[in-house]
Amino acid sequence: MPTNDPRPTKTQRREDARAKALAMRQEQERKAKRTRMLAIGGLLAAVLVLAGVIFAIVRQGQANAEAYGDVVYAGGAQEAVAPSLEDVEAPAAADATGGIPISAAGVGEAGGEDDVVVEVYFDFMCPWCGKFDAANAGELEALAADEGVTVVYKNIAFLDGNSQGTFYSTRAANAAATVAAEAPELYTDFVTALYANQPAEGTEGLKDAKIAEIATEVGVPQDVVDTFTETVAGTFEVGSGDATESRDGTWRRYAPFVAATTQQAGEDLGGLSTPTVLIDGEKWEGDLYTPGPLTQAVLGAVAAKG
Numbered sequence: 000m001p002t003n004d005p006r007p008t009k010t011q012r013r014e015d016a017r018a019k020a021l022a023m024r025q026e027q028e029r030k031a032k033r034t035r036m037l038a039i040g041g042l043l044a045a046v047l048v049l050a051g052v053i054f055a056i057v058r059q060g061q062a063n064a065e066a067y068g069d070v071v072y073a074g075g076a077q078e079a080v081a082p083s084l085e086d087v088e089a090p091a092a093a094d095a096t097g098g099i100p101i102s103a104a105g106v107g108e109a110g111g112e113d114d115v116v117v118e119v120y121f122d123f124m125c126p127w128c129g130k131f132d133a134a135n136a137g138e139l140e141a142l143a144a145d146e147g148v149t150v151v152y153k154n155i156a157f158l159d160g161n162s163q164g165t166f167y168s169t170r171a172a173n174a175a176a177t178v179a180a181e182a183p184e185l186y187t188d189f190v191t192a193l194y195a196n197q198p199a200e201g202t203e204g205l206k207d208a209k210i211a212e213i214a215t216e217v218g219v220p221q222d223v224v225d226t227f228t229e230t231v232a233g234t235f236e237v238g239s240g241d242a243t244e245s246r247d248g249t250w251r252r253y254a255p256f257v258a259a260t261t262q263q264a265g266e267d268l269g270g271l272s273t274p275t276v277l278i279d280g281e282k283w284e285g286d287l288y289t290p291g292p293l294t295q296a297v298l299g300a301v302a303a304k305g
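In numbering that gives the first Met the number 0, the protein residues as written are 0 to 305.
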């Protein structure tokens with residue numbers, strides 16, 4: 000349809016185009032500004048969340064340091080000199096190497112001189128030790144019940160640093176040593192029950208109350224369980240060679256024994272790795288995680304002595 004409206008001039012068209020371009024730029028700038036503000040807001044929120052997480056970790060670390068400061072020998076001081084086994088209080092059931100021997104004669108009793116000796120090194124925080132116990136606990140118990148085999152449990156604590164400052168390895172090992180001292184007939188039951196409730200490596204581990212609950216469930220008397228968290232005072236050495244000094248400290252009753260056993264294990268094995276099984280002093284390289292192979296190896300060693 001014809002129109003009487005005048006056709007825009009070239010100048011008007013140019014001005015209209017400039018106006019549209021300006022409007023588009025302004026809109027783009029507003030969008031960019033909103034995007035920047037959203038990004039800055041998101042970054043600030045992320046920083047605040049991270050700060051909160053860091054604060055919570057620090058607070059938790061402080062709380063753990065307060066709650067578990069009297070657990071390990073020497074308070075975990077890096078330059079502390081580990082005690083020797085002959086200088087610490089050990090459970091009556093322990094032998095001179097820091098192990099708990101079990102044989103047909105009972106817990107804390109080695110068998111005859113001709114017995115095949117099976118030494119088991121373990122740490123309660125070690126997940127592979129849990130797998131080992133699940134496969135072999137019953138078989139080791141059966142082997143120890145027969146004449147000719149002595150099983151020696153060597154509970155060490157080299158994974159304390161993997162429990163977020165709660166020293167779970169030492170706390171559990173101290174409890175096990177207490178059971179070995181006061182209710183030795185329940186020692187292996189308690190060990191297996193702890194593994195059945197094993198916490199994941201890198202977590203805080205089980206609370207003391209849970210360790211106590213597990214002990215009572217397997218029959219450990221309450222008056223024994225009540226001593227799991229008791230502490231004693233003592234002295235320890237820091238430094239090396241002639242440049243040592245003596246300091247005072249407080250720790251759980253069998254923490255020095257646990258530290259000494261761990262130190263001795265490192266010397267005997269040439270390094271710490273768990274689980275480690277020795278048969279008559281030789282490291283067994285067979286399948287540790289399937290029921291049967293270890294028993295066959297031990298019975299083979301018994302037959303060879305036959």
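Just so you know, even glycine gets a beta-carbon here, dropped at the ideal spot from N, CA and C. For clarity, every value in this text was computed on a predicted model and none was experimentally measured.
Is it the case that the region 264–281 contacts the region 105–124, given that we only count it when at least three CB pairs across the two stretches are under 8 Å?
yes
Just checking my contact of G98 with Y152 at CB under 8 Å: how many whole Å lie between their CB atoms?
Translated into positions along the sequence shown, residue 98 becomes position 99. Translated into positions along the sequence shown, residue 152 becomes position 153. With 8 Å as the limit, G98 and Y152 qualify as a contact, their Cβ atoms being about 6 Å apart.
Use the C-beta contact count for M23: other C-beta atoms within 10 angstroms, 16 or more gives buried, fewer gives exposed.
For the purposes of this step, residue 23 is taken as residue 24 along the sequence shown, with counting starting at 1. By the neighbour-count rule (16 or more Cβ atoms within 10 Å), M23 is not buried but exposed.
Which of the three DSSP states is assigned to A302 in this structure?
Along the sequence shown, read from residue 1 onward, the residue named residue 302 stands at position 303. Here A302 sits in helix by DSSP.
Looking at C-alpha atoms only, which residue of D225, D241, E216, S168 is the closest neighbour of F189?
As a position in the sequence shown, residue 189 is number 190, starting the count at 1. If we check each option's Cα against that of F189, E216 comes out closest.
Excluding the five sequence neighbours on either side, which residues of its own chain have a C-beta within less than 7 Å of the C-beta of G81, listed in chain order?
Taking the first residue of the sequence shown as 1, we reach residue 81 at position 82. According to the sequence shown, residue 81 is Ala rather than Gly. Counting only Cβ-Cβ distances below 7 Å, and skipping sequence neighbours, we find A258, A259, Q262.
On a Cα-Cα basis, can you pick out the residue from D86, G105, A104 that is closest to T96?
Within the sequence shown, numbered from 1, the residue matching residue 96 stands at position 97. Among D86, G105, A104, the Cα nearest to that of T96 is on D86.
When A76, V223, I278 are compared against L185, the one with the closest alpha-carbon:
Mapped onto the sequence shown, residue 185 falls at position 186. Ranking A76, V223, I278 by Cα distance to L185 puts V223 first.
To the nearest angstrom, how far is it from the Cα of T243 to the Cα of A79?
Looking up residue 243 in the sequence shown gives position 244. Looking up residue 79 in the sequence shown gives position 80. For T243 and A79, the distance between alpha carbons rounds to 9 Å.
Going by the beta-carbon positions, is the gap between T169 and V70 smaller than 8 Å?
Taking the sequence shown and counting its residues from 1, the one referred to as residue 169 is at position 170. Taking the sequence shown and counting its residues from 1, the one referred to as residue 70 is at position 71. It is a contact, given that the beta carbons lie within the stated cut-off.
In its own chain, which residues sit with a C-beta less than 7 Å from the C-beta of Q59, not counting the 5 before and 5 after it?
On the sequence shown, position 60 is the one that residue 59 refers to. Reliability fails at Q59, whose pLDDT of 45 lies under 50, so the model's placement of it is uncertain and the value that follows must be treated cautiously. Here the set comprises nothing.
Counted within 10 angstroms of its Cβ, other Cβ atoms place P100 as buried (16 or more) or exposed
Counting from 1 along the sequence shown, the entry for residue 100 is found at position 101. The residue is buried, with at least 16 neighbouring Cβ atoms inside 10 Å.
Leaving out the 5 sequence neighbours to the left and right, which residues in its chain are closer than 6 Å to L130 when beta-carbon positions are compared?
As a working mapping, residue 130 is identified with position 131 in the sequence shown. In the sequence as displayed, the identity of residue 130 is Lys instead of Leu. Closer than 6 Å at Cβ, skipping near neighbours: Y288.
Report all residues from its chain with a CB closer than 7 Å to the CB of R246; omit the five preceding and five following residues, and keep chain order.
Position 247 of the sequence shown, counted from the start, is the residue given in the question as residue 246. Result list for R246: T234, F235, V237, in chain order.
Assign M124 to one of two classes, buried (16 or more other C-beta atoms within 10 Å of its C-beta) or exposed (fewer than that).
Locating residue 124 in the sequence shown gives position 125, where the first residue counts as 1. Per the 10 Å Cβ criterion, buried.
If I'm right that Y72 touches W250 with Cβ under 8 Å, what's the distance once you round it to whole angstroms?
By 1-based counting over the sequence shown, the position of residue 72 is 73. By 1-based counting over the sequence shown, the position of residue 250 is 251. Contact flag correct, Cβ pair sits at about 5 Å.
Comparing C-alpha positions only, which one of A144, D225, V148 sits nearest to N173?
Taking the first residue of the sequence shown as position 1, residue 173 is located at position 174. Nearest of A144, D225, V148 to N173, Cα basis: D225.
Please work out which residues of its chain come closer than 6 Å, Cβ to Cβ, to Q197, disregarding the five sequence neighbours upstream and downstream, and give them in chain order.
Taking the sequence shown and counting its residues from 1, one reaches residue 197 at position 198. Excluding sequence neighbours, Q197 sits near G129.
To the nearest angstrom, how far is the alpha carbon of G299 from that of A180?
Indexing the sequence shown from 1 puts residue 299 at position 300. Indexing the sequence shown from 1 puts residue 180 at position 181. Going from the Cα of G299 to the Cα of A180 covers about 32 Å.
Report the CB separation of D114 from G147 in whole angstroms; it is logged as a contact under 8 Å.
Counting from one through the sequence shown, the residue named residue 114 turns up at place 115. Counting from one through the sequence shown, the residue named residue 147 turns up at place 148. Contact holds; Cβ gap of about 6 Å.
Going by other Cβ atoms of all chains shown within 10 Å of its Cβ, with 16 needed for buried, is D132 buried or exposed?
In the sequence shown, the residue the question calls residue 132 occupies position 133. It counts as buried.
Can you check which of these residues, L271, S272, V231, is closest to R252 by C-alpha distance?
On the sequence shown, position 253 is the one that residue 252 refers to. Residue V231 is the option with its Cα nearest to R252.
Please go through the same chain and pick out, in chain order, the residues whose beta-carbon is closer than 7 Å to the beta-carbon of A91, but skip the five residues on each side of it.
As a first step, residue 91 must be located in the sequence shown, where it is residue number 92. Closer than 7 Å at the Cβ level, and outside the excluded window around A91, lie G107, A180.
Where do the N-terminal and C-terminal ends of the beta strand (DSSP E) with D145 fall, by residue?
Sequence index remark: in the sequence shown, residue 145 carries index 146 (1-based). Premise fails: D145 is in no beta strand (DSSP E) and is neither H nor E.
From the DSSP output, in three-state form, read off K282 for me.
Position 283 of the sequence shown holds residue 282. K282 falls in the strand class under three-state DSSP.
Strand pairing of G238, partner residues [DSSP]:
As a first step, residue 238 must be located in the sequence shown, where it is residue number 239. Its beta-bridge partners are T243.
If you reduce the DSSP assignment to three classes, tell me which class L268 lands in.
Along the sequence shown, read from residue 1 onward, the residue named residue 268 stands at position 269. Reduced to three states, the DSSP call for L268 is helix.
Could you give the DSSP three-state label for F123: helix, strand or coil?
Taking the first residue of the sequence shown as 1, we reach residue 123 at position 124. It is coil, neither helix nor strand.
Might you give, ordered along the chain, the residues of its own chain that have their beta carbon closer than 7 Å to the beta carbon of F54, omitting 5 neighbours on each side?
In the sequence shown, the residue the question calls residue 54 occupies position 55. Here F54 scores only 42 on pLDDT, less than 50, and its place in the model should not be relied on; the value that follows carries that caveat. None.
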